[in-house]
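Asks: Note that our numbering numbers the sequence shown so that position 17 is 27, with each residue one more than the last.
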Amino acid sequence: MKISFQNKTKKRMVKELEIALELNNLRLFRIAKALLMIADEKSPAEVAATFHVTERTIYNWVSRFIVERFSWLSGIHYKGRGAKSKLSDTQKKRLYNVIDDGPEKVGFDCGVWNSPMIAEVIWQEFHVKYNPRYLCRLLKKIGLSFQKAAFEADRTDDNTKKRKEWLEKTWPEILRLYSSR
């Protein structure tokens, strides 16, 4: 099979190869590289052996490229799997600034953010609903940390004394009263 591409097509194919590398898109890379090898007059058998595919696959790639051209290759572009973010990058930057300013500036009377408050701010500012359980991941993506509340009352010296007194005096007294009945 002898196919020749114009220089313009070859240059565009090299750009597709670069895009594939940027996106870590192995499929696009293999197809673009195979088409470039065919354009450099390599045999389909040689190209198939390089990419560990059948010759039929190489013929299919070439024929599909001839028919659909670069619209086919641009259809292979993707930036990853998973759900796409509901907020744009500029909205995420704005959210970062809002959270950094503190909840009082937005109108909350509490000095510390919590998930429902952040979800409410996102709804008010951007009209996007977020589940409060997901917000810790969102905060991590925008460069903030999510911390769970820790109750400090358990760790104070006064409470430690009271617990010790309860365990050593009050609880045994309760047990003694109920066991005597």
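The C-beta atom is built at its ideal place from N, Cα and C for all residues, glycine as well.
What's the C-alpha gap between Lys-18 and Pro-126?
Replies: Roughly 55 Å between the two C-alpha positions.
Asks: Using C-beta distances below 6 Å, list every residue in its chain close to Lys-96, excluding the 5 sequence neighbours before and after it, in chain order.
Replies: These residues qualify, in order along the chain: Val-138.
Asks: In this structure, how does DSSP classify Ala-9 when only helix, strand and coil are distinguished?
Replies: Only positions 11 to 191 of the chain appear in the structure, and residue 9 is not among them; the question remains open.
Asks: How big is the Cα-Cα spacing for Thr-100 and Arg-37?
Replies: The straight-line gap from Cα to Cα measures roughly 31 Å.
Asks: Which residue marks the beginning of the alpha helix (DSSP H) containing Gln-101, and which one marks its end?
Replies: Run containing Gln-101: 99–111, per the alpha helix (DSSP H) assignment.
Asks: Would you please state the rounded distance, in angstroms, between the beta carbons of Ile-132 and Ile-109? I believe it to be under 8 Å.
Replies: The Cβ separation is near 10 Å, so there is no contact.
Asks: Please name the residue in Leu-31, Glu-51, Thr-64, Lys-25 whose C-alpha comes closest to that of Ile-13.
Replies: With distances taken between Cα atoms, Ile-13 lies closest to Glu-51.
Asks: Determine, using beta carbons only, whether Thr-64 and Ala-44 come nearer to each other than 9 Å.
Replies: Contact flag unset, no.
Asks: Reducing DSSP to helix, strand and coil, say where Arg-240 ends up.
Replies: Examination of residue 240 is not possible in this model, given that the chain is present from 11 through 191 alone.
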